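Residue numbers (this note's numbering), protein chains in the order written: chain A, 10 to 265; chain B, 10 to 265.
All C-beta atoms, glycine included, are put in the ideal place defined by N, C-alpha and C.
Just so you know, these numbers come straight off a predicted model, no measurement behind them.
In what follows, a structure is listed as structure tokens, so that the remarks can point back to it.
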DNA sequence: TCCCCTTATTGATCTAGATCAACGTCTGTT
DNA sequence: AACAGACGTTGATCTAGATCAATAAGGGGA
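So this is what it looks like as structure tokens:
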């Protein structure tokens, strides 16, 4: 996730059709002519350094951003000033769609590492998508995807024990990274333990402890941010069969 | 929420322009001519009885539904067969947008009471929205709204103590119902305690206890499903100043 | 290169809220 | 009207995971 500088230089000026994320990102399934029209609207942006903002909460909606490389965290701020991370974003994903409803961003997006994005002015995207049916459909799909992802996270947060949340998070990252051309069983987490804890609604210490347990049990190898999945099946069963050991009353209306 | 049968009969055959939910729902801001075109696509459906499904998880996406009266719960089912409610839907809201991404529903929608919906075939809606800019924008807005709502709930689930979750939930219902023309300080909750508990990630018993406490403290009057808000300010401060009594370390990275 | 500061790990203790249990109260059915 | 089964309340106990505390290990700036 950090060491793709080699490709970056050559990609920097490139267009959608030569982008490795083509089939994940907005232009998926577009015809050559349409692709070109989209291409003309997209402003390719220089890299955004770690800890810099793509947009901040409260700013007016100007553009939607497609991540080309790197990663971001998006978070809301609650009254006490504490942040709540609502998601991490990976290459090929769109950022900023929360802002369409009220014309201003309801969360901030901060780069977790040096990242590259394509900026797409929203009004132009909107009018273009009226003319290109596939583009419109793709936009709907991507927004719908975000709803799905959020709802899956809600499920984790509301019902699942810590073990399951973390296992599920790691599997999710593995799958998403894999779709983007990275190895599925070995990857770097660009976010800190604190960020993971915040997203999953747990304490940093719990994340640390669970990662150690997972390692002791031979599920993972953990070297700081580098994760190697050693026993995918066990990890999966932890993530789904919520609560490995202590579950007794299953069935009725509710778990835990 | 349950006793609007009087209006219902007259509304049943009516069109968007005479609908009381006009300014919340899809056709907001549409010109007369466009409204008519949308109107022609919408299938007005008979009422759906309590506990019946609008759609079930796994079904192919056919239509999007606009709620005209009544209310629904949407929930996902996890491997153990337990349900996780991801939201309640009120009149003027759209249901089914989760399904756009994969062309099939990722959650089920069940009526909490006898309800009426307008059914809008998705493919027709999609092509119509290409021709009517305002309609497209409205669709984007409503999807974005759902993302926002989900993210707000995630914040509650991840960080907030039980007290805050429930206070926030009640305020949210009050505001949403108020927008729909009901009283803000007095309303019926159409869902069971169990459903609220499930959504908020708590045990039924905790909901019960907190409602009793809120009543003892003069914040609410609770008569089974009927809620009267007596002290809005206190309720608000419970909902925002997360944790009234036990908060000591505020500031840093994380709460609780 | 070293130093400082942020991030991570591990252990000990504490508590919010789950679970268990028992009882009360609606609501719809015959 | 009387019953049954679902739903709601209240109290007692238990525990997953938070919080507190102390130590270790990176990693970026001089």
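Rounded to the nearest whole angstrom, the CA to CA distance from residue 225 (chain B) to residue 75 (chain A) is 51 Å.
The straight-line gap separating the alpha-carbon atoms of residue 89 (chain B) and residue 220 (chain B) is approximately 30 Å. Runs of beta strand (DSSP E) with 3 or more residues, each lying fully within the region 137 to 188 of chain B, are absent.
Under the DSSP assignment, residue 230 (chain A) falls in the beta strand (DSSP E) whose first and last residues are 229 to 232.
DSSP places residue 122 (chain B) in the coil class of the three-state scheme, outside both helix and strand. When CB distances to chain A are screened at a threshold of 7 Å, the residues of the region 148 to 173 of chain B falling below it are 149, 150, 152, 153, 154, 155, 156, 157, 159, 160, 162, 163, 164, 166, 167, 168, in chain order.
When beta bridges are read from the DSSP output, residue 104 (chain A) appears opposite A:74. Of B:188, B:162, B:57, B:187, the smallest CA-CA separation from residue 177 (chain B) is found for B:162. About 7 Å separates the beta carbons of residue 127 (chain A) and residue 54 (chain A), which is inside the 8 Å limit, making them a contact pair. Against residue 54 (chain B), chain A offers no close residue; the least beta-carbon distance is about 22 Å (beta-carbon pairs closer than 7 Å). Unbroken beta strand (DSSP E) stretches of 3 residues or longer found wholly inside the region 184 to 227 of chain A: 195 to 197, given in chain order. Under the three-state reduction of DSSP output, residue 55 (chain A) falls in the coil class, being neither helix nor strand.
Secondary structure note for residue 42 (chain A): it is in no beta strand (DSSP E), and the uninterrupted alpha helix (DSSP H) holding it is 41 to 50. With a contact defined as Cβ atoms closer than 8 Å, residue 238 (chain A) and residue 187 (chain A) miss out at about 11 Å.
The contact set of residue 126 (chain A) on chain B, defined by CB atoms closer than 7 Å, is empty, because the minimum CB distance reaches about 19 Å.
Under a 10 Å Cβ-count criterion, residue 59 (chain A) is classified as exposed, with fewer than 16 other Cβ atoms of the shown protein chains found around its own Cβ.
At least 9 Å separates the CB of residue 133 (chain A) from every CB of chain B. Residue 61 (chain B) and residue 124 (chain B) have their C-alpha atoms roughly 10 Å apart. Closest in C-alpha terms to residue 143 (chain A), from the list B:139, B:192, B:230, B:91, comes B:139. Per the coordinates, the alpha-carbon of residue 212 (chain A) lies some 13 Å from the alpha-carbon of residue 172 (chain A). DSSP places residue 117 (chain B) within a strand segment (E or B) once states are collapsed to three. Taking the Cα positions, residue 182 (chain B) is about 47 Å away from residue 227 (chain A). Listed in chain order, the positions of the region 60 to 74 of chain A with a beta carbon within less than 8 Å of a beta carbon of chain B would be empty, since no residue qualifies.
Following the DSSP letters along the chain, one finds residue 91 (chain B) in no alpha helix (DSSP H), marked with neither H nor E.
Distance from the Cα of residue 50 (chain A) is smallest, within the candidate group A:106, A:159, A:36, A:108, for A:36. Looking only at B:77, B:180, B:96, the smallest Cα-Cα distance to residue 129 (chain B) is reached by B:77. Listed along chain A, the residues sitting closer than 8 Å to residue 107 (chain B) by beta-carbon distance are 153, 156, 157, 160.
A Cβ of chain B is located within less than 9 Å of the beta carbon of residue 142 (chain A).
Within chain B, 160, 161, 163, 164 have C-beta atoms less than 9 Å from the C-beta of residue 85 (chain A), given in sequence order.
In this structure, residue 99 (chain A) lies near residue 189 (chain A), with their beta-carbon atoms less than 9 Å apart. Annotation for residue 25 (chain B): 36, 44, 48 place their beta carbon closer than 6 Å to its own, counting only its chain and skipping 5 residues before and after. Under the 9 Å criterion on CB atoms, residue 50 (chain B) is classed as non-interfacial with respect to chain A. The residue from A:191, A:166, A:243 with its alpha-carbon nearest to that of residue 205 (chain A) is A:166. For residue 63 (chain B), the enclosing beta strand (DSSP E) begins and ends at 62 to 64. B:137 is the residue among B:29, B:164, B:137, B:120 whose C-alpha sits nearest the C-alpha of residue 42 (chain B). DSSP places residue 68 (chain B) in the coil class of the three-state scheme, outside both helix and strand.
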